[in-house]
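Trainee: Sharing a structure with you now.
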Amino acid sequence: MTIPPVLSALISTLGRRAVALGTQVRGIPRQRWPLIAAGVLALILTVIFPVTMVFISRIDDNPDFTAPNQALGRSHALEVTAALITRELEVNKWRANDPFFIPGGWLRAMPAFQIGMVTALAHSTGALAAENGVGWTSSGGDVNLEHAAGLLKYPGTVWKFDTRKSWMPTASAEKQYRNAQRSIDAYNTKLATGTASFERSPQALALVVEALIGDLDDTAQAINSHMEKDLSITLDFSITKVFYRNKGRLYANSIVMREIGRDFETVLAQRNLTESWIRMVEYLAIAARPRPSVVWGARPDSSMLPNHLIAQGYPTLQARQIAASILASLKSRESQQP
């Protein structure tokens, strides 16, 4: 193959400049190498890393997010679950397991948000896959759904190496979550073709609501644990992780529960729970909405600075209260059935 003259001239010019640069580098006294190395390291840490962190950090909390190309016969909740996983892995990129030697390893908010999201998705998917859940039949649970629920429990901080256990390469969080997404899609495909079941029963919905209540209790407990600390410290960087992990859980729950309402539309209507479900989802969305530039954890009686965890906690408890009411209604109707 003949190289074009323009490309050949460019390669030649670059080669000459590389040789000239190499000559200049060899001319630098050895005593100055440590100083140059320190300067390069300082440039990386003070300029390159911070600038890169600004560009790669993304808290994707779009409240109107839906799964693209929704097909008939599929579960809306599982379809949006798979879409959320794909978005965080392929579009936003998974940052929760970035090692310390790359900019993503120094982020705080985005990794916490992603971990919170997957935690909530693991709980909701686990409830759907559980005994007497939507995928449960007389022969047991659906293999794909159970596989996905198990993989979503995988720690989101595991990179290609998990030195806490071994120096050998291991499965990364991205790989496990991608496999979970594929298993969800496989189940939904079988559902669309009629080769899998989706039991829309009050009992199956009650399992989902129980999982949601457990998730909201964990969120409230995280807030309470932080509030018990010394709040006189003006700048508490640990609050950022608490706030954004809660935000990720609340956001994922608001999206998935919205779609659960579509999957169980008939059950909710039969029990006059539609309005309650809508209000619960609205409170979840309200709790997930705040995104302050700086997360403050001032004392509750402070008139100077806010406490963003308290602001996050109120709508969380409102959603939890409504969810408990819905669960009680589902349980009472269920116990009345012969």
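The opening residue of the sequence shown carries number 261 in the numbering used here; numbering runs sequentially from there.
We put the CB at the ideal spot given by N, CA and C, even for glycine.
1. Is it the case that the Cβ atoms of Tyr511 and Asp324 are separated by a distance below 7 Å?
2. Taking the straight line between their C-alpha atoms, what separation do you get for Leu349 and Gly521?
3. Give the DSSP-derived three-state secondary structure of Gly401 in the structure shown.
4. Out of Lys353, Ala327 and Ala433, which one is the CA nearest neighbour of Ala343?
5. By the DSSP assignment, the alpha helix (DSSP H) with Gly521 in it spans what residues?
6. Give the straight-line distance between the Cα atoms of Ile444 and Ala389, rounded to the nearest whole angstrom.
7. Label Ile538 either buried or exposed according to how many other C-beta atoms from any shown protein chain fall within 10 Å of its C-beta, with 16 as the threshold for buried.
8. Where do the N-terminal and C-terminal ends of the alpha helix (DSSP H) with Phe373 fall, by residue?
9. With a threshold of 16 other CB atoms inside 10 Å of the CB of Gln330, please say whether the residue is buried or exposed.
10. So, helix, strand or coil for Gly416, using DSSP?
11. Would you list the one or two residues that DSSP bridges to Gly573?
12. Quick test of the definition: if touching needs 3 or more C-beta pairs under 8 Å, does the segment 398–414 touch the segment 353–366?
13. Identify whether Asn253 lies in helix, strand or coil by the three-state DSSP scheme.
14. Quick one: grab the DSSP three-state call for Asn352.
15. Based on Cα-Cα distance, which residue from Ala588, Pro552 and Ala583 lies nearest to Ala571?
16. Okay, do the segment 529–546 and the segment 585–594 touch, 3+ Cβ pairs below 8 Å being the bar?
17. So, is Lys501 buried or exposed, given that buried needs 16 or more other C-beta atoms within 10 angstroms?
18. Please go through the same chain and pick out, in chain order, the residues whose beta-carbon is closer than 8 Å to the beta-carbon of Pro575, but skip the five residues on each side of it.
19. To the nearest angstrom, report how far apart Ser457 and Pro566 are at their CA atoms.
20. Nearest to Pro462 by alpha carbon, out of Val527, Met313 and Gln374?
Mentor: According to the structure data:
1. Reading the sequence shown from its first residue, position 251 is the one you call residue 511. Reading the sequence shown from its first residue, position 64 is the one you call residue 324. No, these two residues do not count as a Cβ contact at 7 Å.
2. Within the sequence shown, numbered from 1, the residue matching residue 349 stands at position 89. Within the sequence shown, numbered from 1, the residue matching residue 521 stands at position 261. Between Leu349 and Gly521, the C-alpha separation is close to 26 Å.
3. Locating residue 401 in the sequence shown gives position 141, counting from the first residue. In the displayed model, Gly401 falls within coil according to three-state DSSP, outside both helix and strand.
4. Working through the sequence shown from its first residue, we reach residue 343 at position 83. Shortest Cα-Cα distance from Ala343 to any of Lys353, Ala327 and Ala433 involves Ala327.
5. Reading the sequence shown from its first residue, position 261 is the one you call residue 521. It spans Ser498 to Asp523 - the alpha helix (DSSP H) in which Gly521 sits, taken as one unbroken run.
6. The sequence position of residue 444 within the sequence shown is 184, counting from 1. The sequence position of residue 389 within the sequence shown is 129, counting from 1. If you take the alpha carbons of Ile444 and Ala389, they lie about 11 Å apart.
7. Taking the sequence shown and counting its residues from 1, the one referred to as residue 538 is at position 278. With fewer than 16 other beta carbons inside 10 angstroms of its own, Ile538 counts as exposed.
8. Translated into the one-based positions of the sequence shown, residue 373 becomes position 113. For Phe373, the enclosing alpha helix (DSSP H) begins and ends at Ala369 to Ala389.
9. Start at 1 with the first residue of the sequence shown, and residue 330 comes out as number 70. Burial call: exposed.
10. One-based indexing of the sequence shown puts residue 416 at position 156. In the structure shown, Gly416 sits in coil (DSSP, three-state: anything other than H, G, I, E or B).
11. Here residue 573 is taken as the residue at index 313 of the sequence shown, counted from 1. Partner(s): none; Gly573 has no beta bridge.
12. These segments do not touch.
13. Coverage of the chain is limited to positions 261 through 598, which leaves residue 253 absent and any answer about it impossible.
14. Position 92 of the sequence shown, counting from 1, holds the residue named residue 352. Judged by DSSP in its simplified three-state form, Asn352 adopts coil rather than helix or strand.
15. The count along the sequence shown starts at 1 and reaches residue 571 at position 311. Minimum Cα distance to Ala571 is reached at Pro552.
16. In the pairwise beta carbon analysis, the segment 529–546 is classified as touching the segment 585–594: at least three pairs are separated by under 8 Å.
17. Position 241 of the sequence shown, counted from the start, is the residue given in the question as residue 501. If you draw a 10 Å sphere on the C-beta of Lys501, you find 16 or more other C-beta atoms in it, and that means buried.
18. As a working mapping, residue 575 is identified with position 315 in the sequence shown. The beta carbon of Pro575 sits closer than 8 Å to those of Tyr543, Leu544, Ile546 and Ala547, all from its chain and outside the five residues before and after it, given in chain order.
19. Position 197 of the sequence shown, counted from the start, is the residue given in the question as residue 457. Position 306 of the sequence shown, counted from the start, is the residue given in the question as residue 566. Computed Cα separation, rounded: 48 Å.
20. Locating residue 462 in the sequence shown gives position 202, where the first residue counts as 1. Checked all of Val527, Met313 and Gln374; the closest Cα to Pro462 is Val527.
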